[in-house]
Amino acid sequence: MVNSDITFLTNEDERKLSTRLSNLLSKSNRFDCLVGYFYLSGFYLIRKSLEPCEKIRILIGLETESQVLKALQRAKIQPEFDFHSNSETVKEFSKVVLEQLETAEETAEVETGIEQFVRWCAEGKVEVRAYDKHKIHAKLYIFTFNSDQVDKGRVITGSSNLSLSGLHDNLEFNVELKNRSDYEFAAAKFEELWKDSVEVSENFVRTVKNESHLAQFSPFELYLKFLYEYFRTELNSPRELDQDYQPENFMRLQYQHDAVLTAKRIVEEYDGVFLADVVGLGKTYMAAMLARELNGRSLVIAPPALIDKNNPGAWQNVFHDFGVRGFHAESVGKLDAILKLDLSKFQYVFIDEAHRFRNEDNETYAKLHRICRNKKVVLVTATPFNNRPNDLLSQLKLFQNSRSSTLPNLPNLDNFFRNLNSRLSQYHRVADREEYLRVMRENAREVRERILKYLMVRRTRSEISRFYDEDLTKQNLKFPEVETPQSVYYELSKRENEIFTRTIERIAKQITYARYRPLVEKYFRGELDENTVTAQNNLAGFMKVLLVKRLESSFEAFRKTLGRFIAVYEKYIAAYRSGYVYVSKKKTNVIFDLIEAGDFNRIEKIIESEEAERYDAKDFDSQFFVDLKSDLETLQAIRADWHTVDRDPKWEKFLSLLKNEPTFQKTKLLLFTESKETAEYLCRRIADSFDEDALCFTGSSKLRMRETVIDNFDARAKPPKDNFRILLTTDTLAEGVSLHRSNVVINYDIPWNPTRMMQRVGRINRVDTRFDRVFTYNFFPSEEGNNEIGLREAAEAKIEAFIEMLGTDARLLTENEEIKSFNLFDRITSKETLTGESDADETSELKYLKFIRDIQENQKELFARIKKLPRKARAANNLPEYTNALLTYFRLGKLDKFYLANGENAFAQEIDFLEAAKILETDNQNKTSVGKDFFALLKKNQDELAKSLEADRETTHAPLSNRDAATKLQRRLFVFKPEQMQDFTDTEDKFWQDAISALRDGAVAKKTVNKVWKTVEKISDARGVLEVLKKNLSLNGLANEEPPPIKKQIKIREVILSEHLL
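Each residue of the sequence shown is one higher than the one before, starting from 30 at the first, in my numbering.
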């Protein structure tokens, strides 16, 4: 038992102030309290004890933190006044009440208490007044006892406000005064202040009933509030550029203007942005406008074609046209030269075709990462990632630390993406197809909702056509219609088909590719390195795919490639017989970078010409020589088969189209092939068959030939030339150039990677094209048949054979896109693949942004009313597809979350903005009360949000793998004791700590970390380790620059609104 003589109340154990208040109230007929802060949560806690009281008077000082701040601001302007007018006090009190209601706990019990308080105010049992003459910090509670009590009353004073924390939770110091003189002094002082205060009870009732979330709102009002809150940043952002300069004869397009404004805001907030509109919408122009808006010098890194000043669309030319000054543009192939520049001069880095840097495991990426260190980065790409989330992660790391990101509620990007990959790895692409696709969709949604919505500007043509139609019409601009790709089947005779099929089987099944993978367990007797084994197996797989691609490209290219394979094998076997085996390991990573870039001609040259390490033949199992000879025999047998084929059905089909296809007669033609030899072969055949020459451009073409391409095929060329009508090219021209004097793309090879199709068609599908329609033709091998269906079925069968026979190596065929034989044909013959968007009328966020902006600009009174709608606003609506469901919009700092609960399911479901918008979209203006299950459903939504946030916390703090080089390197640096670093200077001490911080934050490129770790893991002295760190990390800005500050994220969870679907 607590000693009843002790009058201190601390909220410890049995000395709870709430308990003592309740006890004293039980024998009181009046309760007066004077407080600096007003908290409805305190009233809820003691409301039952207040029921016997005849009169309750509350005098408050309006001293919330926001009011103190405003008072200070007023004092600077009007120092002679230290009080409000009565109307100002009433208005201030309303704000306090609304703040209290917004932060009150969302339960039926709390709201019942609030409703009771309102009712008592209306009945006169409770009176509330605000004292505004002086600041009040006192907390005084006066109890006037019933007449049957011996004492007149009691007083409690101290540190506790009338709040849940003050009455119950916090450690407080309050004292109960029992002397009659104390009671009478306090009562008299209270009466004095009461008479000099402002009555606000009526205002309280009016505020709660009409302005708080307890008022009734229509579904339409709630819908508008939903849009206002979600698009709050856009609605509060400037609508005009700071420097709205347009070059002469350049159209001022609103969609580009809006993209620049959004990108500028994102760059300033998150240090980087993806400019990712679909191809042909003018991303280079938008980037130039953005560079002009940003305050600082820019470094531009782009493909060589876009650094060539003879190209009208080159970055230098566009930046100059838009008045951008103080920039430096360099080719992506000259990163070493960039690293030698004074990088401190640049505040921004613009990276064109940024998707080329999806792979962070190579030295090229590591160099780019060093260049971007402590810069703000603009990534320009129409295809930031295909199917692998990690494609996006590597690009994110160019401006976000992967373990201390500034994205809302997502500090650890490494763990987030690792979690996505882990989910997907539980299912097999074929055996668990439905589950695999479901998880892929869920992962894509998470990436979109958690990352891209904050960092990406991306619109499709259909979105721009729909939501910027007025501006486009005014500019007399219309996007060309992209026609569905037309399939062209070249028919193999029975004998040609037999040889074709037998060749694929031999390539995929019989050849072991031993020459390209000698250092594997099957052959090599020495010590094996796991990375080398993997690299050599991958190289063998690539050579297999290369043969398949050359066979499908043209018989001419295949014969030449086959001849080189045979020559290489013959030399290799001769070397083996001389007692040596030559192994090439150095260029493996370079080769796979080139695979990513689609530069197969350079790969062949590297493999053929590279200097190799020499091993003794006796170190290899005899099976190695057996397989070498077997491969050579198979290659020679294939060559013998093809010596008997003297016809080229693919060329014959193409020749027929050139002569007879109406579309081909009216315009310039653009033909793509993956093989340089195919392009050169077709160029010769065209010259032999027509009176005109075709222009052939490949990776080995001279620079001046690029100028010829631009003069003849770029609509912006001045003056345009007409020396060539047909352009034959490899994917060297699939990115970075405009070729829109043509409106026909011919894919002479099967476009295994659908993304490449989009990039190719993007060369002619430009915003400033003069054509109304864009055509695409895809060539497929087939068999002699009588109808279109038979030809298509035969072509699909061949594609299936290619993919299924290649097995796991098929990923190299499609450049790592997750393509299966059953959907590849459909994808490469679909219009959606060419445009990067669906034909379906998919809902876009732009639709809703445009709607609320129209309200803002054209219905200002309505907008002002919606803006003032309180947090936690609620409405009820009837939707046939939902019964007794609740949609709740939560906010955590900058993070928006939407949950939908119903009475049937135990758990709520998280939905995205578009799903929520479709549910809330309405014109219903009837006001209906929410149903009795509102709070039970709200609790489900709150619980699911809590689970989600906890899962995020677990992901953020998940332990890193012991195999992670950054983790191992951090631990290594921590091992050294101060006495081992006594010879360090102050600068070196700081550098050491900066290195640890950078590793902890994920601010160093993976390749760099691996390189450093391999070097230092066996170094035992701190000085030696420091020198390695200096050599490899100094270019990352660790030595000379402060790392960017981590922006603190607000973690207060708010309910923005809820709609009860009855």
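Virtual Cβ for every residue (Gly too), placed ideally from N, Cα, C. Every value quoted in this text rests on a predicted model; they were computed, and no experiment measured them.
Those residues which DSSP pairs with residue i across a bridge
i, result
"lysine 405", "Tyr377"
"arginine 920", "Asp925, Glu1083"
"histidine 357", "Leu328"
"alanine 914", "Asn931, Leu1090"
"aspartate 61", "Arg86, Ile171"
"glutamine 938", "Leu929"
"alanine 159", "Ile89, Val227"
"lysine 697", "Ser771"
Residue from the options with nearest C-alpha to residue i
i, options, result
"serine 718", "Lys396, Ser685, Tyr601", "Ser685"
"arginine 321", "Lys658, Ser360, Glu297, Leu270", "Leu270"
"proline 810", "Ile528, Arg882, Leu998", "Ile528"
"aspartate 855", "Ile793, Asn907, Pro783, Glu890", "Pro783"
"glutamine 938", "Leu974, Arg209, Pro437, Lys551", "Leu974"
"glutamine 652", "Tyr806, Lys551, Leu557, Pro1007", "Lys551"
"isoleucine 85", "Arg643, Glu43, Glu41, Phe146", "Phe146"
"lysine 404", "Glu138, Lys396, Tyr377", "Tyr377"
"leucine 768", "Asp925, Gly342, Leu820, Gln694", "Gly342"
"valine 647", "Phe255, Arg76, Tyr605, Asp675", "Contrary to the premise, residue 647 reads as lysine rather than valine in this sequence. Of the candidates Phe255, Arg76, Tyr605, Asp675, the one whose C-alpha sits nearest the C-alpha of lysine 647 is Tyr605."
"leucine 253", "Pro678, Leu891, Lys1047", "Leu891"
"isoleucine 367", "Ala317, Lys658, Ala331", "Ala331"
"alanine 763", "Val308, Pro1007, Asp675", "Val308"
"valine 536", "Ala830, Cys62, Val119", "In the sequence under discussion, the amino acid at residue 536 is isoleucine, which differs from the valine named in the question. For the residues Ala830, Cys62, Val119, the minimum Cα distance to isoleucine 536 belongs to Ala830."
"leucine 310", "Arg1000, Val655, Lys162, Arg490", "Arg490"
"lysine 207", "Leu193, Val227, Val184", "Val184"
"arginine 1000", "Lys968, Val1054, Leu501", "Val1054"
"glutamate 359", "Arg387, Ile400, His384", "Ile400"
"leucine 757", "Arg745, Asn772, Tyr777, Pro748", "Tyr777"
"threonine 563", "Glu642, Pro547, Lys1040", "Pro547"
"valine 227", "Thr291, Glu263, Leu943, Arg158", "Arg158"
"lysine 120", "Asp180, Phe1020, Phe233", "Phe233"
Whole-angstrom C-beta distance between residue j and residue i, which should lie under 8 Å
i, j, result
"arginine 920", "isoleucine 1085", "5 Å"
"phenylalanine 202", "leucine 169", "Not confirmed; about 14 Å, so no contact."
"lysine 901", "glutamate 131", "6 Å"
"leucine 1108", "leucine 425", "With the chain covering 30 to 1091 only, the question about residue 1108 has no answer from this structure."
"leucine 256", "phenylalanine 880", "7 Å"
"glutamate 886", "asparagine 339", "Their Cβ separation, rounded to whole angstroms, is 45 Å, which puts glutamate 886 and asparagine 339 out of contact at 8 Å."
"asparagine 472", "arginine 452", "7 Å"
"isoleucine 715", "isoleucine 755", "6 Å"
"phenylalanine 804", "glutamate 512", "5 Å"
Local Cβ density within 10 Å of residue i, reported as buried at 16 or more and exposed below that
i, result
"histidine 242", "buried"
"phenylalanine 214", "exposed"
"leucine 101", "At leucine 101, the pLDDT of 34 sits below 50, so the modelled position is not reliable; the number obtained from the coordinates is stated separately. Burial call: exposed."
"proline 988", "exposed"
"isoleucine 1081", "exposed"
"arginine 713", "exposed"
"alanine 935", "exposed"
"phenylalanine 37", "exposed"
"tyrosine 274", "exposed"
"serine 1087", "buried"
"glutamine 455", "exposed"
Endpoints, the alpha helix (DSSP H) within which residue i is located
i, result
"glycine 187", "From DSSP, glycine 187 is part of no alpha helix (DSSP H) but of the beta strand (DSSP E) over 182-187."
"phenylalanine 808", "It is not in any alpha helix (DSSP H) - phenylalanine 808 instead sits in the beta strand (DSSP E) that spans 802-812."
"tyrosine 259", "248-259"
"threonine 758", "Unbroken run through threonine 758 is the beta strand (DSSP E), 755-758; no alpha helix (DSSP H)."
"alanine 320", "312-322"
"isoleucine 775", "Per DSSP, isoleucine 775 belongs to no alpha helix (DSSP H); it is in the beta strand (DSSP E), 771-776."
Delimiting residues of the beta strand (DSSP E) encompassing residue i
i, result
"isoleucine 1048", "Isoleucine 1048 -> no beta strand (DSSP E), and no H or E assigned at all."
"alanine 902", "902-906"
"methionine 239", "Per the sequence shown, residue 239 should be read as asparagine rather than methionine. Looking at the DSSP string, asparagine 239 is not in any beta strand (DSSP E); the run it does join, the alpha helix (DSSP H), is 230-239."
"serine 516", "515-521"
"glutamate 8", "Shown here, the chain extends from 30 to 1091; a query on residue 8 therefore has no answer."
"glutamate 205", "203-206"
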